[in-house]
Amino acid sequence: MTWKHTFKTSLTGLSTNRSRSILTILGIVIGITAIMLVVSLGAGAQALILGQVQGLGTNTIAIIPGREPTGPSDVTSLFSDSLKAKDLVALSNKANVPDLKSIMPTVIGAGTASYGSNTYQTTIFGATELEGEIFDLHPRGEFYTQDDVLSQNSVVVLGSKVADHLFDGEDGLGQKVKIKGRNFRVIGILPATGGGSLLNFDDMVLVPYTAAQDYILGTKYFSRIIIQTVTDAQVPATAQDIALTLRESHNITDPTKDDFTVQTQQDLANRLSMITGTLTYFLAAMASIALFVGGVGIMNIMLVAVTERTREIGLRKALGARDRDILSQFLLEAVLLTVIGGIVGIILGSGLAFVISVGLSQGLGVNWQFIFPWNGAFLGFTVSALIGLVFGGYPARQASKKSPIEALRYE
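Mapped onto the numbering used here, the consecutive letters of the sequence shown carry residue numbers 3 to 413.
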């Protein structure tokens, strides 16, 4: 029997029990749809995160207090106070870091801002006048200046949510808000960002880091020091210069004892890409359990079909069909069921992923891209075909082994 005839016979067998065939492939459709959704949305999240990281500029280097955690015992190093004013002075020295373009210390803490009877629990972000340039912030009003930083002036730039809550939608420029008992004059209000940044500036108040340290947080150390080089090519050498300078400042001779972490944007992008990629494929693997369940369902249904079509099998064998012809027919039926389910799942999963991506973009106000997961589609199509072969093999073999005489007598 030719493959063309086998294919037509298999289609006829499936179409005869159309409702059962549709219900049989439902498990495959659900599994492939889940895989497509997870992989597509995971790729969109990865693109969004990496876009935010790269938006800070590939010539940016972050110095983080505490050594990079390598295990649970290193978690406490994340809360280190190892970056201090002497380090800022040492790093600002061109003799130590010759390719340095700009340097910005930052401090971060929690606080409450109030205006009249309105209060708002917010994040205090202290930095220098370079903050607007590095993070590409353009407030309505103005940003604080170098003189404000040096003079520890009590001025503040409010995030959009903070301003809306404190001033009930009215213009707050020039007004004074109270933070930890001290009045800060509002000199700027940021436009809404929708929380689409690694730092959600909508919920922050930005002040000179000197004022934040002395008047609000009461600290003498930095949460981060951000350095920019003139060109991207200078980043690796500058990272080495920073490490050598801080080791000398901290009297460290063994690099394994570093109480700081030097992190380039490329390092961060690679790490985030690895984390999001691993998480995506882990979730896809969990979703593929539905494919296994669907495969078991197909095997059960095919076994039922073999029993119901026993007389058909006997008649075909009596007319000259060989064992391999019967095997090919029932195996092809199982593969067709799973492949059709895979195609439907790919289309449905892609469509849902597109709709969700558009909804996330509009609802969260972020640039969430729809990315068609070619790898997920290939994986889903291949796995669905393999499931048809694996789970359809046993029923097909059972059908091919039936005796034509006994099959014809079957009632």
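C-beta atoms are modelled at their ideal positions from N, C-alpha and C, and glycine is treated no differently.
{"query": "For Thr247 and Ile63, believed in contact at Cβ under 8 Å, the rounded distance", "result": "Incorrect: roughly 12 Å between the Cβ atoms, too far for contact."}
{"query": "Nearest to Asn155 (by Cα), restricted to the options Leu285, Ser84, Glu131", "result": "Glu131"}
{"query": "Proximity below 9 Å, CB of Ile30 to CB of Gly344", "result": "yes"}
{"query": "Buried versus exposed, by CB contacts within 10 Å (16 or more), Leu462", "result": "This structure leaves residue 462 out entirely; the chain is present only between 3 and 413."}
{"query": "Unbroken alpha helix (DSSP H) run spanning Arg249, endpoints", "result": "237 to 251"}
{"query": "Span of the beta strand (DSSP E) around Gln123", "result": "120 to 129"}
{"query": "Beta-carbon spacing of Ile181, Ile218 below 9 Å", "result": "yes"}
{"query": "Cβ neighbours of Ser359 in the same chain (closer than 6 Å, five flanking residues each side left out)", "result": "Gly46, Trp370, Phe372"}
{"query": "Limits of the unbroken beta strand (DSSP E) element including Gln371", "result": "No beta strand (DSSP E) contains Gln371, which DSSP labels as neither H nor E."}
{"query": "Rounded separation between Gln236 and Asp269 - CA only", "result": "15 Å"}
{"query": "Rounded C-alpha distance that separates Glu335 from Leu388", "result": "13 Å"}
{"query": "Status (buried if at least 16 other CB within 10 Å, exposed otherwise) for Lys163", "result": "buried"}
{"query": "Between the CA atoms of Leu43 and Asn302 - distance to the nearest angstrom", "result": "33 Å"}
{"query": "Leu281 versus Thr195: straight-line alpha-carbon distance, rounded", "result": "27 Å"}
{"query": "Segment contact flag, the segment 206 to 216 with the segment 103 to 114, C-beta cutoff 8 Å, min 3 pairs", "result": "yes"}
{"query": "Which listed residue (Asn98, Ile126, Leu338) has its alpha carbon closest to that of Met206", "result": "Ile126"}
{"query": "Identity of the residues DSSP links to Leu160 by a beta bridge", "result": "Ile191, Val207"}
{"query": "Neighbour-count burial assignment, Asp138, 16 or more Cβ in a 10 Å radius", "result": "exposed"}
{"query": "Cβ contact check for the segment 168 to 187 and the segment 81 to 97: 3 or more pairs under 8 Å", "result": "no"}
{"query": "Exposure label - Asp256; buried when at least 16 CB within 10 Å", "result": "exposed"}
{"query": "Where the beta strand (DSSP E) through Gln265 begins and ends", "result": "262 to 266"}
{"query": "Rounded straight-line distance, which links the Cα of Tyr146 to that of Gly118", "result": "24 Å"}
{"query": "Coil, strand or helix - Tyr223 by DSSP", "result": "strand"}
{"query": "Nearest residue (CA-CA) to Leu329, options Leu391, Ala286, Val341", "result": "Leu391"}
{"query": "When Ala115, Pro238, Asn377, Thr221 are compared against Gly183, the one with the closest alpha-carbon", "result": "Ala115"}
{"query": "Minimum C-alpha distance to Lys222 - residue among Gly128, Leu102, Pro100, Asn185", "result": "Gly128"}
{"query": "Collapsed DSSP secondary structure at Pro257 in the structure displayed", "result": "helix"}
{"query": "Opposing strand residues paired with Leu102 [DSSP bridges]", "result": "Thr231"}
{"query": "Environment of Ser352 [buried if 16+ CB atoms lie within 10 Å]", "result": "buried"}
{"query": "Where Lys182 sits in the DSSP three-state scheme", "result": "coil"}
{"query": "Where Val337 falls, given that 16 or more other Cβ within 10 Å makes a residue buried", "result": "buried"}
{"query": "Coil, strand or helix - Tyr117 by DSSP", "result": "strand"}
{"query": "Counted within 10 angstroms of its Cβ, other Cβ atoms place Thr384 as buried (16 or more) or exposed", "result": "exposed"}
{"query": "Span of the beta strand (DSSP E) around Ile66", "result": "62 to 67"}
{"query": "Ala47, DSSP secondary structure in three states", "result": "helix"}
{"query": "Cα-Cα separation, Asn185 to Leu39", "result": "50 Å"}
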